[in-house]
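Following numbering that gives the first Met the number 0, the numbering of the sequence shown begins with 0 at its first residue and continues without gaps. Each residue gets a CB set at the ideal place from its N, CA and C atoms; glycine is no exception.
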Amino acid sequence: MDEAQIRDRLGELVRGSVEETLNNLLDTEADQLCNAARYERSKARENTRAGYYERGLHTKAGEVKLMVPKLRQQKFETAIIERYKRRESSVEEALIEMYLAGVSVRRVEDITEALWGTKVSPGTVSNLNKKIYTRIEKWRNRPI
Numbered sequence: 000m001d002e003a004q005i006r007d008r009l010g011e012l013v014r015g016s017v018e019e020t021l022n023n024l025l026d027t028e029a030d031q032l033c034n035a036a037r038y039e040r041s042k043a044r045e046n047t048r049a050g051y052y053e054r055g056l057h058t059k060a061g062e063v064k065l066m067v068p069k070l071r072q073q074k075f076e077t078a079i080i081e082r083y084k085r086r087e088s089s090v091e092e093a094l095i096e097m098y099l100a101g102v103s104v105r106r107v108e109d110i111t112e113a114l115w116g117t118k119v120s121p122g123t124v125s126n127l128n129k130k131i132y133t134r135i136e137k138w139r140n141r142p143i
């Protein structure tokens, strides 16, 4: 086994661990909202499960597949991951850092594919940069 194979296997192990941990946290959060574990019969139960939906999330460890619980009587809103967020904030920060360091938008796309196994579109990089430039301008124009 060479170094590249070891690195790939370790990377997959880390990605799998991150995925498993996040899914366990989501399940625990759903259990708390229901006041009972999955399939548990309890008088304290306030809600019931209604399956899952899949959602992808880009993390430092790579793309993970989240199984987000659905509840019958209320919308499941997790405190762990922001609604509609597809990338971990550290991934967004890395994209912004690359762009601010002078790396072209197209090159950022290639780098993200090499690092995380998924491409980030040039439009996404541009949108993130618009967001950061708005914050920079607010900071620059703040009263002293």
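Going by DSSP, which residues form a beta bridge with L70?
Its beta-bridge partners are R48.
Report all residues from its chain with a CB closer than 8 Å to the CB of K69; omit the five preceding and five following residues, and keep chain order.
Counting only Cβ-Cβ distances below 8 Å, and skipping sequence neighbours, we find R48, A49, G50, Y51, Y52, F75.
Flag this pair as yes or no: are the beta carbons of L25 and V63 separated by less than 8 Å?
No, they are not a contact pair.
Alpha carbon to alpha carbon, what distance is there between M97 and S16?
Distance between the alpha carbons of S16 and M97: 27 Å.
In whole angstroms, what separates the C-alpha of R54 from that of K42?
Cα to Cα, R54 sits roughly 32 Å from K42.
Name the one or two DSSP bridge partners that R54 has.
R54 pairs with L65.
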